[in-house]
Structures are given as structure tokens and as C-alpha cells.
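When we follow my numbering, the leftmost residue of the sequence shown carries the number 271, and every step to the right adds one.
Quick reminder that beta carbons are idealized off the backbone N, C-alpha and C, glycines included.
To keep things clear, I will list the structure first and then write my remarks on it.
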Amino acid sequence: GGGYDAYAIQQKWQARWAEADPFRAGGDTDTRPRKYVLGMFPYPSGDLHMGHAESYAYVDVVARFWRHRGYNVLNPIGWDSFGLPAENAAIQRGADPGEWTYANIAQHKKSFRAYGSSYDWSRILHTSDPEYYRWNQWLFQRLYERGLAYRKESPVNWCPNDQTVLANEQVVDGRCERCGTEVVKKKLTQWYFKITDYADRLLDDLNQLEGFWPQKVIRMQRNWIGRSVGADIDFGIEGHEGTVTVFSTRPDTLHGATFFVVAPDSDLAAELAAGSSAEVRMRFQDYLESVGRETDIERQSTDRPKTGVFLERYAINPINGERLPIWAADYVLADYGHGAVMAVPAHDQRDLDFARAFDLPVKVVVDTTAPVTGAIPVIELDESGVPIDPGADEAALAALDPAKTGIALTGEGRMINSGSLDGLSKRNAIARIIDQLAALGAGRASKSYRLRDWLISRQRFWGTPIPMIHTADDRIVPVPDDQLPLTLPDVQGLDLTPKGTSPLGGAAEWMQTTDPETGEPALRDPDTMDTFVDSSWYFLRFLSPGDPDKAFSTQLADRWAPVDSYIGGVEHAILHLLYARFITKVLFDMGLVDFTEPFTSLVNQGMVLLSGSKMSKSKGNLVEFASSMIDPGADAVRVAIAFAGPVEDDIHWEDVSTTGAQKFLARAWRVVKDITSAPDVIWAEGDQALRRVTHRVLADAPGLIEQTKFNVVVARLMELVNATRKTIDSGAGPADPAVREAAEATAMILDLFAPHTAEEMWEILGYRPFVGLVTWRTPDPTLLVEESVTAVVQVDGKVRATLEVPTRIDGAELERIARADDRVLRALAGREIARAVVRPPKVVSFTTR
Ligand code: ANZ
């Protein structure tokens, strides 16, 4: 007797796995093909919740699947254990961030063991271990040598609450990604990684990922890099040495420029204002202060009134010598393009809004009523070779006057009022004007990117110390490689409360060092690195996590990397994935890896929601991972998650039935208990109908798993268990070989979702562990042939043909076959079918006129 005891089964198999460690990746001598399956490693902040339960359940499905398919699978786990959550928790509790971190990690490990995740437990890494972070420092030095790590003073995003700088990527809608505080700008000297050097490659290589990464992530990365193609144009400034350059995506509209705008917070604006009257200087100062309080988002918002200050200075249009008044206005950003624009109000909405607010002229240079057909315009020239005005429809154009309508003409058309450009299409006008500007030495084709360099300095304790030395004579030199790791000082006695400077600065002894070149006293850099540095290359460290001599082995990277299947949340669509892609390309350029993209395929799971919102501690709707498993058991939680819907969809936790999942598992287990045949039965002698169901599932499941349709596979397993039960109860009985065959297939496939139960079933079936290592059964093709029926085709009430068709044929297909049949065509003799009645799979009836 005895029922299905999820808890006992779980305990038993977790102990066996812990003892035998069966899921270690095979080493050098393993000749199987390889798969690297990786879940984004967790932050050890608090306990794991249902979002983790979901993500790591999917990871385990994929890892287990490839093992069954005969692959040598690498599926490691580690912790992204530096960062603000630990530091903030430590400050709140007055504790050591390390203690808090490692206590959480211990809890996580227990939870993953209790979940039955099939990790290679020999490869654990924690990024906060000196053995790990010394290689962040090594990486920093290599970037520094290549000119890819540099310091500069610039306005940075500053979170007044966390008292630290943030990368652009960590500012969401003008607020700190972590705490939601409004981010302000502050001028600081900081370390940057020069990711902009890789902008084109980061963008172009996204094409390779098309079809393997979610469309949404590719799109987000493209937008983030934000490449714009256009021209740089140099304008002279009256009373100013040299020229000022603007970036424009519409150099074709140069003749339509009627004023010039500089970002108020740019050096140029300050310089121009300084050369102006006292009154202008005062107005400019006031304006600058008010702009300093605005976020970039506010500044770019199109629906707020335009503001600005006329600087009483003039720019000179290089193409026609026109004087353009120069304004400082907040809609122009200091750190995009060159921080200055030529304003073309007729064809740019922002410029038009500004022109209307300050009564500036509007000059139309593109006739958007003129049709543009094809890429090559026909330009009529007069006898002196000047293009004849293509004849803009004056009335139609007048109706579109942007000065009156307030709507900028952004569409395609033909150039007008533009001298020798008149009549050209936009594309050709752009090519022509760039040539003309080049001839004048006043412009050239150019690109601009939204992407900024990656700011990596953080004024916090719990991170990788930046391995640089500031010498007494103001040089900045790297900590020599043989002095790495540069470990964190003891936290005892350090004040971690955020105050805008790094707590490491307070570690007086630690800060003192010597100049490696002169031996003179020198100071360390007190900042730590953004933790996204840690996660930008960790997938390589998993290949040899204990290596004391190098960050990773090129030879092992050749063997295992890139990651075949990467699984994690869409919240990492930009930051982590972009940085990892960048560092991978740098490592490629260093000759250390032979690939340029780190993650061959990417799966983003949906979120787990409770009452419609994302689970979080602050909302009080958090279901903790460990407690979720107590009652139904780990297997039921995993099955319920997999069954809840497509991987990429959100899961509404209140709709998820772990009870239903547990019942299903109990049913599967009972089938096995009821079997009376021995392992050596001859399957071919079993019930054919059940055999067909079994082999169909064996044949279909691999494709479904590869398409991450896990829910469909669970549904098919449920059908298989039901069919097996039916055969036991009403058909050939528990001794039928087909029943055993079905149960064995069930155990093997169920291992993907409910590994404890599957192992238990496998043992009851008379086999030695582990079902997790069993090779997928090859379906018998003769059992996959569709069953067929005879369909009849009538024409005007007379049977004209019979067809052998699959039982599961649909109406459209049946009608198509009937219409194409020779005998039917002969019976129709050219007459048209007026009505078709189709009843799949057996009847088609055509009526002619
Ligand atoms: C003249 C012009 C005429 C423009 C026209 C557009 C339309 P994207 O596509 O985002 O790259 N611009 C350049 N630098 C800027 C800055 N620092 N802050 C705000 N705006 C800036 O936009 C490029 C266009 O944005 C540039 O092309 C420039 O305006 C403006 F009919 O130049 B354009």
C-alpha cells in the first residue's frame, strides 16, 4: 500500500544525488558533443522567490533534456555576490556585508538542492571571493593597456539616496533603478570603459542573433546603441575662433536653418555667454541653474513648453553665409552629437515649437507635396544647367505652412529654396550637400550614437577595488599584475553610510601604498567597480573556477563556449547582456576567445505575478521559494510552473495549481506501482494503440523542448499517463508490455520536470539510478505512421472518387486534395464548383451551377 509521498521521495533522491554527484560535466576524455546551459546567476539578496523558481526550473529542463539527448552538459551555478543590496543590508543591520552575503548564499544553495536542480556543484563561484575578483582587476588592467579604460571628468548620474554614481543604463525614467530616487547630475572624475569604440560591432552583430534571441531584446539593444547616420557640419561663429560642429541627420535641410541652438550646460554655451553682454550673462546663469534641476527625460519631452535664452551671438551658415541667431535651450543635450544643433523649424518639430515660442523665422526647403518616385529623380535643367523649379504646387504648399499649422514637414519630398539642391530627393540631396560641404572643408558624413561610455566607478565598499595607484607627482599607474588581487580592507571600523565618497578612502592604512615605479608613497584609488563588470565574463570562469593562474582557459573556452542556451529575466535585456557582449568582443580582440558573441541563444522567461503585480517584499506579495515547496513538494512546484503556460508569458501565481500537479505526479507514480510485468517484456507484443501514443510523445517532445514549449510537453505527458491508466484498467491490464513501455518513457521524460518522482519511478520499474542520465528512446517510425480512413468525394450527389486520408486531416486540406483529384476533375468537366460541403475526415460534396 502506501500513497505517493512527495516529501519522502524528495529526501531520498536529494541524498543520492548529493552522494553520487551525477550531473558533473564530463572532462577531457568525454567524447560526447557538448552543450553549455546557463541560468543568469542570482544576487544573494534575501531568499529566492518564485521568479527564481520559474527561471531555474526552465534551466533544469534544458540541462536535463540535453543530457537525455546524449550531450555532455555543463550546467553550473554561482553567485553575483558583490553590490548594493548587501551593502545596504549591512548598513541597516550594522553588520558585515560579507557575512550577510555568504549567509544568503548558504540559504540559496539549500534551496537549489531542495529543488533538485541538476547542477555541476563542483564549479560554484562567488564574485565577491578574492579568487574571482582578482580577475576583474586583471581585466581592468588589460582594458587600460588597450586604451579602453580611462578617467574623465564629466557630469554623471548621481543617486542622492545611494550616494553613488549610476551608469546611464541604471537610470530608468530619470530615477535610480534600485531605489527609485530621482537622479541628479554631478561633475566627477571617474573611470570609464570605452564601450563606444565597439558601438558598430555591438549593433551589427545583433543580426547574427536574429532568430536566436527574443526580438524584443534585440530591438532594445539596437535602440540603446541608437546609431544615427548623417553629417557633421562646421559653423563659424562671429567673434569666436575656429568653428563649431553640429551633427544632423538631415543635412539636406541646411538651407532651411534659421537659428542655432547650443545645450545650456555645454562648455560652448558658457563660452558664448561669457562673450556677451552682462544682461545676457545673468539671464543665461539663471537659466543654467533651472536646467540643472531637470532630468534628461524632462528635457527631451516634447509636450512641455520650450524655454531658452538668446545669447546675442551669431553663427554663419557655411553653405550660404546667412547669420543665424544663437540660443541656449534645454531641448538640446550636452552629451549627444556635439551638444549643438542647426535649427530647421520647417522640418523638425522641436525646432518648430521653439521658433513659434520665440517668433523666429521658418523657411520651407522640402516640398512634401511633390511626389518622390523611385530613387533617381529626374531633374530638368535650364540652358545654363540650373535645375528648373520642379513646380511646387503653391497652394498645396501654402496649406502646409508649418509656421501657421505648427506641424513640421518631416516627410519626403523635393528640395526647394535650396539653390543647386532644388528638385533633388532627400537621399540625393544629402549626398550632394555632403559633397559640397566637403569641398568647402565645412562638413563630412558622420554617425552619432546614443550609447555612452560605461561608467564603472562606484563610491561603495562592497565591490572590486579599482587596481590603480595615484602617485605623489599626479601620475596614475596600474597595480602590477603580480600584486593582484588587491583585496578589500577589513570592514571593521569603516563607515559604510553613503556620503558621496568611497568608504575605502576611510581605510587609512589600506589607502597607503607605494609608487611601483619610484617606490615613493602613493595612494590607492578608493572606488570600486560596477558589479556589471563581474557578470560580464563569469560564464568563462565557470569553465575552470579554481584556476589560480588565469581568468579562464582559452582551450576550455574553445571547447565549451559560447553558452548554447542562456536563460534569465528580460530586466537584463540591456545592461548585463550589452556589457557581456562588449567584454566578449574585447577578449576576442585580445585573442583569448574565438567567438564574438557570448550567448548563442537566449530565453527570457515571463514574470511571476501575484494579484497582477510583480512579487516583491515591499508590496508584501512575495511567495518565498523555500516555503512554496514545503507542502506540494519541489516536483509539483516545477511541474505547475512548466504547465502554467509558454515560457515567455507571465505566470499569475494565484492561477497556478500545485495541487493539480501533485495529483498528476501521484497518478504517474501509481501507474508504475501497478505494473506487473518485468523489464524484459517484448514491447512489440504490447497494445498497439498505447504504443502509438507513447511513440508520438517520444517523437514530438524533443522539438517542443527546443522551441521551449514546455507546457505542451507536460500536457502530452498527462495524456500519456491517462492512456496508460486506461489500458491498465480497461484494456490489456497491468501486465501488457505496452504499459511498461509507456511508463518507462513517462519516467524518462518526466525527469525534465519532476526529477525526484521520475527517479523513484525508474527504480520501481526495476532499473538502477539515474534516470537523469538515460538516453532518449528512439521512436519507432512504423508507430508514427498516421492512421488513415477512406473519404468519399461526391459531385452533384454522385460518388466520383474515394481517397485514403489521415484520420486527423482538417477540412481545408481534405477539400484541397479532393479538388485536385483527377477523377473529380473529369467529373466536373470544366464546370465551376458553386458549393462545397466538407466533413473531415470522411465526406466532401461538391455542387456545380
Ligand atoms: C537639423 C535637422 C533638420 C535635424 C531636420 C532633424 C530634422 P537622432 O535621430 O536622435 O540622432 N540633434 C543633434 N544633436 C542634438 C543634441 N545634442 N540634442 C538634441 N538634439 C540634437 O537626431 C538627430 C537630430 O537631432 C539632428 O538632426 C539634430 O537636428 C538634433 F529637419 O539637424 B537635426
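Item	Value
Just the C-alpha distance for A288 and R986, rounded to the nearest angstrom, thanks.	31 Å
Considering just the uninterrupted stretch of the beta strand (DSSP E) at H740, what are its terminal residues?	738-741
Tell me whether the beta-carbon of A919 lies closer than 8 Å to the beta-carbon of G876.	One point to set straight first is that residue 919 is Asp, not Ala, in the sequence displayed. Yes, they are a contact pair.
If we ignore side chains and look at the alpha-carbon of each, how far apart do F1040 and W1032 end up?	8 Å
What are the start and end residues of the beta strand (DSSP E) that includes I952?	It is not in any beta strand (DSSP E) - I952 carries neither H nor E in the DSSP assignment.
Just the Cα atoms here: how many angstroms apart are I703 and D522?	6 Å
Excluding the 5 residues preceding and the 5 following F852 in the sequence, name in chain order all residues of the same chain whose CB lies nearer than 8 Å to its CB.	F463, I465, Y468, L472, W724, S806
Alpha carbon to alpha carbon, how far is M310 from G839?	8 Å
Would you check if there are 3 or more beta carbon pairs closer than 8 Å linking the region 346-358 to the region 730-740?	yes
Consider the Cβ of S424: report whether some Cβ of chain B lies at a distance smaller than 8 Å.	Considering every chain present, this structure includes no chain B. It has just one protein chain.
Measure the CB-CB distance between A540 and V602 and report whether it falls below 8 Å.	no
Return the residue from the list G321, S823, G340, K305 that minimises the CA-CA distance to D1042.	For clarity, residue 1042 is Gly in the given sequence; the question names Asp instead. Per the Cα distances, G340.
Shortest alpha-carbon distance to A896 belongs to which of A936, D366, K379?	K379
Examine the Cβ distances between the region 887-895 and the region 828-845 and report whether three or more of them are shorter than 8 Å.	no
Where does A645 land, buried or exposed, given buried means 16+ other C-beta within 10 angstroms?	Note that A645 has pLDDT 47, beneath the 50 cutoff, so the model's placement of it is unreliable and the number below is only indicative. With fewer than 16 other Cβ atoms within 10 Å, it is exposed.
Relative to the ligand GDP, is the shortest distance from any of its heavy atoms to the C-beta of Y606 smaller than 7 Å?	Looking at this structure, you won't find the ligand GDP anywhere; what it does contain is the ligand ANZ.
R520 to A699, Cα distance in whole Å?	9 Å
So does L473 have its beta carbon nearer than 7 Å to some heavy atom of the ligand ANZ?	no
Should M612 be counted as a contact of the ligand ANZ given a C-beta to heavy atom distance under 7 Å?	yes
So for V636, helix, strand or coil by DSSP?	strand
Compute every distance between the C-beta of F517 and the non-hydrogen atoms of the ligand ANZ, then say whether any falls below 7 Å.	yes
Using the Cβ count rule (16 or more neighbours within 10 Å means buried), how would you classify C429?	buried
What residue does the alpha helix (DSSP H) around Q433 start on, and which one ends it?	It is not in any alpha helix (DSSP H) - Q433 carries neither H nor E in the DSSP assignment.
Can you tell me the Cβ-Cβ gap for A673 and V632, rounded? I've got them flagged as a contact below 8 Å.	4 Å
Specify the secondary structure class of F843 as computed by DSSP and reduced to three states.	Inspection of the sequence shows that residue 843 is occupied by Ala rather than by Phe. Of the three classes helix, strand and coil, the one that applies to A843 here is coil, per DSSP.
Is S727 helix, strand or coil by DSSP?	strand
Is H525 close to the ligand ANZ? I mean its beta-carbon at under 7 Å from any heavy atom of the ligand.	no
Apart from the five residues just before and just after V982, which ones in its own chain have a Cβ nearer than 7 Å to its Cβ?	L974
Can you check whether the CB of L1022 is closer than 8 Å to the CB of V331?	yes
Please work out which residues of its chain come closer than 8 Å, Cβ to Cβ, to A359, disregarding the five sequence neighbours upstream and downstream, and give them in chain order.	S315, A365, P367, W370
Using the three-state DSSP reduction, which class does Q491 fall into: helix, strand or coil?	helix
For a test of the three-state rule: what should DSSP assign to Y306, helix, strand or coil?	strand
Count the other CB atoms within 10 Å of the CB of R1105; is the residue buried (16 or more) or exposed (fewer)?	exposed
Find out if the Cβ-Cβ distance for the pair R966, A1015 is shorter than 8 Å.	no
Which value, in whole angstroms, describes the spacing of the CA atoms of R1121 and G562?	Because the chain in this structure spans residues 271 to 1119, residue 1121 falls outside the shown range and cannot be described.
Look at the alpha carbon of A290 and the alpha carbon of Q284, and state the distance between them as a whole number of angstroms.	10 Å
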